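Written below as structure tokens is the structure these notes are about.
Protein chains in written order, with the numbering used here: chain A, 1 to 338; chain B, 339 to 517.
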């Protein structure tokens, strides 16, 4: 058997020496995540299809497995239309990139495995929060630059929603920081493995709940997809986008979903740790937990109807933020008494 | 060679910071001004990183770029600025303002000519800080040494929040009585 770890180390060392950053790791990570994004869309359509007594895509390739690739090809080859009345073509073109880059940058600090993280920084948790707050700019600017009523309303809704739920999400993560005593994601996983329950989802059950709800709202997924509510806003902030730019927004949404799930796995579900070691695949448990959380997202989408806007704001400010604050107080008490 | 790279990075950051700040104040389009401000904040965060203040860099992006600027955008959206784009200049004072600013820059340059950085005080070298962790040290200093100022700032912010709530409530109540 080829020693993959050694091979990888040699290649990485070479790149580190001559380029100063682990381009190799980043490329591997982005490539794999892009594949995951493509097949998450497939899984979503298949799973929702089965939940609604339909078949889902089954024409392209065996069991429709080539459907995502066909979709990507179609979106890339489509004509790139910029409406004549856009407020500023530069901002219009820039918006999807801001969304995508902000979503994808967080991948750099999330540890897939103890020895696989692109950059191991001490402020990893804050970096993820910062990037998720930046990703809202893409949505807001898209809404403004399109110069269309529907887009604009979608952008406005997105900005209010993201600001509100970001607070709840950050507060939910404070409990984890307090228990682990660190903001380094690798340290957080190690602290979890040493804790009595092995995962923080049990002692931090309130925080976990708040985080999951806030993460769905942050990524603008059903039941909180008001920025793109089809029945009232056509498609919300990306009404005027088509072809590859539309695809970038789509990609950004799924990137966001995967990053949020990864963060939940790392902060609450014990990262790469599992009941037993799987030989040869050190990130087996990480991926298993990640797939379960992505399935959870899809499951929620198939199950719950969309919230009304005032209900959404009420839930964020009157339920989730007080709950997260309560969680911090309880965690602090446990930390002081124990 | 060792000392050159930080200098180049600093010069780049300084130039971009000055240029983007100028663009923020001179741009006719309010949304574009906010966007230039975003670029400025991001560079400011990098400046913090070059000073080994990673916590400040992260907070800079979360609070300023992520929350304050989004609120700015919100306000810019709410007031219709399209009409103001047609007015040539907000004020007629800008040549005088330019003169005063240049004079201030010259004054500052004169004052800072003999400036020498003081010797570092205390035992907190960058290595020691990196070892304990930035957030931990900052938290400890905030909640022990500076607890009074921290609490004061907290109360001040609370007063501002309460004031905003009271103001909006009162307007609503007056309107309710009028109906």
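The beta carbon of each residue, even a glycine, is placed where N, CA and C say it ideally should be.
The structure displayed is predicted, hence computed values, not measured ones.
Query, Result
"Going by DSSP, what residue range makes up the alpha helix (DSSP H) through residue 157 of chain A?", "149-180"
"Could you check if residue 477 of chain B belongs to the surroundings of the ligand NAP, using beta carbon to heavy atom distance under 7 Å?", "Here there are no bound small molecules, and the ligand NAP is not part of this structure."
"Going by beta-carbon coordinates alone, are residue 384 of chain B and residue 374 of chain B separated by less than 8 Å?", "no"
"For the alpha helix (DSSP H) that contains residue 478 of chain B, what are its first and last residues?", "472-478"
"Should residue 20 of chain A be labelled buried (16 or more other beta-carbon atoms within 10 Å of its own) or exposed?", "Any reading at residue 20 of chain A must be qualified, since the residue scores a pLDDT of 49, below 50, and its modelled position is unreliable; no value is offered."
"Just to confirm, is the Cβ distance from residue 75 of chain A to residue 238 of chain A under 8 Å?", "no"
"Can you confirm whether residue 392 of chain B, when its beta carbon is compared against all beta carbons of chain A, has any partner nearer than 8 Å?", "yes"
"If distances are taken between C-alpha atoms only, which option among A/319, A/291, A/315, A/324 comes closest to residue 47 of chain A?", "A/291"
"Per DSSP, residue 116 of chain A is paired with what?", "A/113"
"Need the endpoints of the alpha helix (DSSP H) that residue 303 of chain A sits in, please.", "284-303"
"Identify every run of the beta strand (DSSP E) within the region 208-272 of chain A, keeping only runs that are complete inside it and at least 3 residues long; order them along the chain.", "none"
"Let me make sure I understand the geometry here. Which of A/117, A/104, A/334 has the alpha-carbon closest to that of residue 286 of chain A?", "A/117"
"Which chain A residues are close to residue 376 of chain B, counting only those with a beta carbon under 8 Å from its beta carbon?", "137"
"Is the Cβ of residue 317 of chain A closer than 8 Å to any Cβ of chain B?", "no"
"Can you confirm whether the region 206-222 of chain A touches the region 162-174 of chain A when touching is taken to mean that 3 or more C-beta pairs between the two stretches lie within less than 8 Å?", "yes"
"If you run the structure through DSSP and keep just helix, strand and coil, what is residue 6 of chain A?", "helix"
"Ordered along the chain, which non-local residues of its own chain (more than five positions away) have a Cβ less than 6 Å from that of residue 41 of chain A?", "68"
"In terms of residue numbering, what span does the alpha helix (DSSP H) encompassing residue 204 of chain A cover?", "It is not in any alpha helix (DSSP H) - residue 204 of chain A carries neither H nor E in the DSSP assignment."
"Between residue 471 of chain B and chain A, is the shortest Cβ-Cβ distance under 8 Å, so that the two count as touching?", "yes"
"Could you tell me which chain B residues have their CB closer than 7 Å to the CB of residue 156 of chain A, listed as they occur along the chain?", "415"
"Does residue 492 of chain B have its Cβ less than 8 Å from a Cβ in chain A?", "no"
"Would you tell me roughly how many angstroms separate the C-alpha atoms of residue 150 of chain A and residue 244 of chain A, rounded to the nearest one?", "20 Å"
"State the Cα-Cα distance for the pair residue 517 of chain B and residue 153 of chain A, rounded to the nearest angstrom.", "The pLDDT assigned to residue 517 of chain B is 45, lower than 50, so where the model puts this residue is not dependable, and the model offers no usable value."
"Hey, residue 108 of chain A and residue 182 of chain A are a contact pair by Cβ (cut 8 Å); roughly how many whole angstroms apart?", "Rounded, the Cβ-Cβ distance is 18 Å, inconsistent with contact."
"Out of curiosity, what's the CA-to-CA distance linking residue 309 of chain A and residue 91 of chain A?", "27 Å"
"Would you list, in sequence order, the uninterrupted beta strand (DSSP E) runs of no fewer than 3 residues that lie entirely inside the region 339-368 of chain B?", "none"
"Kindly list, in the order they appear in chain A, the residues whose Cβ is closer than 9 Å to that of residue 379 of chain B.", "By Cβ distance, chain A contributes nothing, its closest Cβ being about 10 Å from residue 379 of chain B, past 9 Å."
"So, is the C-beta of residue 411 of chain B closer than 8 Å to a C-beta in chain A?", "yes"
"Using the Cα positions of residue 437 of chain B and residue 444 of chain B, report the straight-line distance between them to the nearest angstrom.", "11 Å"
"What is the DSSP secondary structure of residue 84 of chain A, counted as helix, strand or coil?", "coil"
"Taking the alpha carbon of residue 293 of chain A as the point to measure from, which residue in A/311, A/125, A/89, A/213 has its own alpha carbon closest?", "A/213"
"Give the secondary structure of residue 410 of chain B by DSSP, where H, G and I count as helix, E and B as strand, and everything else as coil.", "helix"
"Three or more C-beta pairs closer than 8 Å, one from the region 77-96 of chain A and one from the region 140-147 of chain A: is that the case here?", "yes"
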